[in-house]
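Single-structure report; data block below.
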């Protein structure tokens, strides 16, 4: 009887060992399969990434001539920008003076004549100062001349400096002097100073 019981125990132990071995084998096979699948998935990702990198390198080589051309154009523009700025400023100044002279040609009263016109700028932070000197038949015409100058958008702070009688062959005439400031000349200087400060910073 005791021998039979031992055999039964040995059989149960052997079955238990076989079950444990099967579970271990299945676990090992599952882990191995998952590892192989993960490795394959990572390999596919690596191949995809390498293909994308290769495509990007090809595209970068195709775009490089355009980038070089853009860089060369920007470099050329930076060289010419100061000249363009100077030319633009000169055109604005010429246009402003043309408007002032056209205004004088149209709005100077009859029997009033300009003999001298001066422009001076002693300080770049102040506008260009204009001086108009001339002769007129009557004081009223000098006042009308000042009012018409005030109507110009390019002139500011128009004011009379003096009037006085001046003997002439055709009779006494009124000699006058009118002062004004040229609009826009301070702003141009401030823009140039701001650009210079930006470059120095």
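In my numbering, the protein residues as written are 1 to 201. The C-beta atom is built at its ideal place from N, Cα and C for all residues, glycine as well.
- Bounds of any beta strand (DSSP E) do not take in residue 121, whose DSSP letter is neither H nor E.
- When only Cα atoms are considered, residue 65 and residue 84 end up about 27 Å apart.
- Per DSSP, reduced to three states, the secondary structure at residue 133 is strand.
- The shortest CA-to-CA distance from residue 145 to any of 159, 8 and 81 is the one to 159.
- Secondary structure note for residue 173: its beta strand (DSSP E) is the uninterrupted segment 173-182.
- Under the DSSP assignment, residue 140 falls in the alpha helix (DSSP H) whose first and last residues are 139-150.
- For the 8 Å CB-CB criterion, residue 154 and residue 177 do not form a contact.
- When secondary structure is reduced to three states using DSSP, residue 112 falls in the strand class.
- Residue pairing for residue 20: DSSP places it in no beta bridge.
- For residue 136, the number of other beta carbons within 10 angstroms of its own is at least 16, and it is reported as buried.
- For residue 29, the number of other beta carbons within 10 angstroms of its own is below 16, and it is reported as exposed.
- Residue nearest to residue 185 within the set 123, 68, 21 and 70 is 123 (criterion: CA-CA distance).
- Note on geometry: alpha-carbon atoms of residue 31 and residue 40 lie some 14 Å from one another.
- The segment 127-136 and the segment 109-116 touch, with no fewer than 3 CB-CB distances between them shorter than 8 Å.
- Nearest Cα to residue 112 within the set 180, 163, 15 and 16: 163.
- Its chain contains no residue whose beta carbon lies nearer than 7 Å to that of residue 140 once the 5 sequence neighbours on both sides are disregarded.
- With distances taken between CA atoms, residue 125 lies nearest to 181 out of 8, 7, 181 and 48.
- Contact check for residue 98 against residue 129 fails: the beta carbons are separated by 8 Å or more.
- In the DSSP assignment, residue 163 falls within the unbroken beta strand (DSSP E) covering 155-166.
- Taking every protein chain shown into account, the CB of residue 167 has fewer than 16 other CB atoms within 10 angstroms, so this residue is exposed.
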